[in-house]
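Chains as they are written, first to last, in our numbering: chain A, 1 to 505; chain B, 1001 to 1113; chain C, 2001 to 2154; chain D, 3001 to 3176.
All residues carry an ideal CB built from backbone N, CA and C; glycine is no exception.
Notes to accompany the following structure.
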Amino acid sequence: MTHTLMPLMIAVPLGGAFLCALMGKRTRALPDAMGFLVTLLTAAGAVYSVSLVKSADTLVYSMGGWRAPVGIVLSLDGLTALMLVTVNLVAFLVAIYARGYMERYTSKRLFYGLFLLMLAGMNGVVLTGDMFNLFVFLEIASVASYALVAFGTGKQELEAAFKYGVMGTIASLFILLGIILLYARTSTLNMADMAAALAGGGGDVVPLVTGLFLAGFGLKAALVPFHAWLPDAHPSAPAPISAMLSGVLIKSLGVYAMVRVLYNVLGVAEVSETGSPFTPLIVLGILSMMVGVVLALGQWDMKRLLAYHSISQIGYVILAIGIGTPLAVLAGLFHLFNHSIFKSLLFLDSGSLEQATGTRDLRRMAGVGRKLPVTSGSTLIASMSIAGIPPFNGFWSKLLIIVAAVRAGHSWSAFWAVLASILTLASFTKVLRYGFQGGGAGKRLRELAAVPLSMKVALVLFAVICIGGGLLLLPSLRDLFLGPAADALAGGTRQLGFVLTGGAS
Amino acid sequence: MTAYILCLILFSLGIYCAVSKRNLIKIIVGVAIAEYAVNLMFVLVGYRIGGVPPIFAAPGEAQGAMVDPLPHALVLTSIVIGLATTALLAAIAMRIYRKYGTYDVNEIRELRG
Amino acid sequence: MADRREDGMSLIVKTVTRLTLGLILLYGLYIVLHGHLTPGGGFAGGVIVALSLVHLVLAFGGRSAWKRISHSGASVMEATGALGFLALALLGLTAGFFLSNFLPEGRAFALFSAGSIPLANLAICLKVGGGLFAVFAILTIFTAETASPDGGER
Amino acid sequence: MIALYILLSMMILGALVAIEVRSLISSVVAVGAVGLGLSLVFLLLKAPDVALTQLVVEIIAVIILIRATIRRQLPGSPVSARPYGVLLGLGFAVLLVLVSLPALQEIPQLGHPYMRVAETYVENGLRDTGATNVVASVILDYRAYDTLGEATVLFTAVMGVMAVLRNRGLKGGEEG
């Protein structure tokens, strides 16, 4: 089964970015309109792809009409649909927010051009079924994010962007070296063909390639030993870009790519009822979870605090997927979706707070609660849900992870998960107490700048999803959205087999 | 086999330079060397002893066994990706130089304040 | 007059540039148009075209050569090249799939053969040439602004 | 084959010079030399397309890097590198070569590629696409999607350079 929606998910943002670059200077309003329209189209396309997956279970699209091992194919299964919805939903809401926030910056044309190129890169990574193509679109999204981190051209931004750029390029070289070794061993680049060729035991090449991929994708996902770039890059980027970076970029480039390669191509890790844990992922998960939250406790700059929390929450997702039982994988993917929602909301809140009060330091931000109802309300909701307080979405996914860990017999990792959750709660009560209730010794703030309407709309929409996130666990919704994603990973190396059989006539 | 080893040595030299040097331009130079090594590895994998460049000979002439064309196509892409990242990193480094007046990482950290 | 002569390189370089510029540009276009027959193609040809323009700016100095080639012109060229390639890809939809080669293959070894490949090469040449020259032009503006005439930092 | 090993060791020497030399300009020129050596190695390995592209791309990379280092009062880069970095770098070099020895034994020896999928490009490349240059037919027809992605990477980098080097970041922010 094939559908022209898949290439359009990449061609539309590309076309938008090229038009933005071409006509942006003359018509002032084009960048905003283009940003809003393109992300709306891709978000609608992503939701439609979920229903496509429900009806046809797996779709394949061969580029240029060439069948699987010869040409490049795009493959759409449960996991891809989940990632498409996460990426494009967050991008749409962030584009609404950026309309108001980016007034302070010059040349919106370049901002929306790079924003749409990053979106096209992420859609390309999530949809592709070809290893080298994964590297090319990973590079598009990364180069766009290096430039966007340095968009404010301030001192900190430039230095953080340079550091992020160098580490990101080195990570891409590791990934490319891994792809070269895989090509030398299997003489093909298509993921399904490679999985079939490696099925007979990868010999000595697979362990080395697994190590290279863990290092490369680990750096893109900011897992602990490779996280050094994230606490500098995310705070210095403009707020909508920090939301995109923390919300979706490290997930689609890092977590999704690593998990897809390890489970569906190399087959070093698999999902089975008896629970066959993939220890490197568990170790990386626990390390990131603990180091991230401990470092976050001492932070006073709100965005830096949020950046460290991103590292620890990604640790949750990697730990859950590493445990390897179907329930744990489902919980991990659910937490991935939830985290991208509430973390983007938190970063957007910090952006509107910074715009209103002119500072990011919690101590000098005292007593803002009463004056900015929408911002403080949404920050309250998001903080509750990241700390895992019931009815919010964070609670459900963290609970599911801990239950899955206990049921799979990993009581130690469950203990670490609970401990990290408590520390997260502690650090976010600090945010709420200092930031909003005026607990700090902050002096009287001058008249606060009003928060533009477009930013408020985005914050409210994100908050609504935070509240309603728990509904995704209802059986009817679960089999539509999260179930197929977990089954895609459970499929192991046979999962992409449909690419070879299906495809163009 | 030794060609692969030499290539990996060049790659680790590039990574060593990018990781340990304090000057921004030296870091970019290190990344460029690492990129050269990875591109070289790709073409090495596709080489065939006594092979012929992947261009079809004119109808009359003999057509020898061709070298693997796929790595050539992919290396073309990764060479230009390397150029793209080098250009962006150089632009950022120049802007940093204008702000801090130096390319040295430690001085930048001290001036950050 | 003094400022113009001091700008750019010596007179000898300028006269040589006037002679070689056309040749380099011609060679770049040859590489692009024969991309599907001989080694080279959109990328190599595009970079050579960009190099010929860079050669011009280097020889005649950033400021004086400026009036003729502005970097916004180069970025418009790049954007049209990119849109051209994307249009070729979308046209492929008419012949079945995204990016498929919708034109007839033609006779082997002929200049106008291999369907849409020569057109794609041209689009890439426009894009790569325009893009790289825009990068070089922006770098020149950036350094020209900082380096005041006596060469010291402003 | 001997020429390949000689060129490779020359490139490694050039890389060492580029890394350890004090002045920036000679470091950039040494990288240019390594790139030129790489282009020659590609010619030796029967890859004319790649050699041509590597040569011209490397020229423009050196021009950009020299533009970044020239006309600046640049003290030579200090000799003492970051100690932590030196250890990390050397340790990584040894670890990578040792760990990859078994894997390198397993992939086909130099000169005997598998070419399982590439065989179709060579056999019916001319018939399917009409291009006599097989690499061109792979880039622009069989795997044209890669080239679309790659052209976008360059487009992104150019927009990135424009964004980074524009004269004022924030409205009313300080110039430069």
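- Residues of the stretch 1068–1090 of chain B whose Cβ lies closer than 7 Å to any Cβ of chain C, in chain order: L1076, V1080, A1087.
- Excluding its 5 nearest sequence neighbours in each direction, A/F132 has C-beta neighbours in its own chain below 7 Å: I179, L189, listed in chain order.
- Distance from the CA of D/G3037 to the CA of D/Y3114, rounded to the nearest whole angstrom, comes to 27 Å.
- A buried status is given to A/E157, since no fewer than 16 other beta-carbon atoms sit within 10 Å of its beta-carbon.
- Relative to the Cα of B/R1098, the nearest Cα in the group D/A3068, D/A3047, D/S3039 belongs to D/A3068.
- Here DSSP, grouped into helix, strand and coil, assigns A/M302 to helix.
- Within the model, the alpha-carbon separation for A/R28 versus B/P1069 is close to 46 Å.
- Residue contact check for C/S2075 against chain A: a CB pair falls below 8 Å.
- Per DSSP, reduced to three states, the secondary structure at B/I1049 is coil, with no helix or strand assignment.
- At a cut-off of 8 Å between beta carbons, D/G3089 contacts chain B.
- Burial check for D/K3171: the Cβ neighbour count within 10 Å stays below 16, so the residue is exposed.
- Take A/F428, set aside five residues on each side of it, and the residues of its chain with a beta-carbon closer than 6 Å to its own are S383, A387, in chain order.
- In the three-state DSSP reduction, C/L2099 falls in the coil class, being neither helix nor strand.
- Taking a C-beta cut-off of 9 Å against chain A, the contacting residues of the stretch 2096–2110 of chain C are G2096, F2097, F2098, L2099, S2100, N2101, listed in chain order.
- DSSP places A/S75 inside the beta strand (DSSP E), whose first and last residues are 73–76.
- Only residues of its own chain outside the window of five on either side were considered, and among them R1022 have a CB closer than 8 Å to the CB of B/N1106, listed in chain order.
- Sequence-ordered contacts of the stretch 193–208 of chain A with chain D read G203, D204, V205, L208 [C-beta pairs closer than 7 Å].
- Neighbours of D/A3061 in chain C, taken as residues at a C-beta separation under 8 Å, are lacking, since the least C-beta distance is about 10 Å.
- Listed along chain A, the residues sitting closer than 8 Å to D/V3099 by beta-carbon distance are L208, G211.
- Taking CB atoms only, D/P3048 has a neighbour in chain C less than 8 Å away.
- Three or more Cβ pairs closer than 8 Å define a contact, and the stretch 3145–3152 of chain D meets that threshold against the stretch 1076–1085 of chain B.
- Per DSSP, the beta-bridge partners of D/G3111 are B/R1048.
- Around B/I1055, the beta-carbon contacts reaching into chain C at under 9 Å are L2037, T2038, P2039.
- In the structure shown, D/N3167 adopts coil according to DSSP, grouped into three states.
- Excluding residues up to 5 positions away in sequence, M289, M290, V293, S312 lie with their Cβ nearer than 7 Å to the Cβ of A/A420 in the same chain.
- Using a 10 angstroms sphere on the CB of C/T2015, the tally of other CB atoms stays under 16, which defines it as exposed.
- Cβ neighbours of A/E139 within its own chain (closer than 7 Å, five residues either side excluded): S172.
- Between A/G168 and B/E1061, the alpha-carbon positions lie close to 48 Å from each other.
- Around the beta carbon of A/W412, fewer than 16 other beta carbons sit within 10 angstroms, so the residue counts as exposed.
- CA-to-CA, the gap between A/R433 and A/D361 works out to about 13 Å.
- Counting C-beta pairs with one atom in each stretch, the stretch 189–198 of chain A and the stretch 62–81 of chain A have three or more that are closer than 8 Å, which means they touch.
- Here A/N123 is buried. Its C-beta has 16 or more other C-beta atoms within 10 Å.
- Close CB contacts of B/G1064 within its chain, under the 6 Å cut and outside five residues either way in sequence, are with V1052 (chain order).
- Secondary structure of B/Y1103 (DSSP, three-state): coil.
- The stretch 3093–3107 of chain D and the stretch 1001–1018 of chain B touch, with no fewer than 3 CB-CB distances between them shorter than 8 Å.
- Cβ-Cβ distances below 8 Å link A/M118 to I140, A141, A144, S145, L148, M244, L249 in the same chain, with the five nearest sequence neighbours on each side left out; the list follows chain order.
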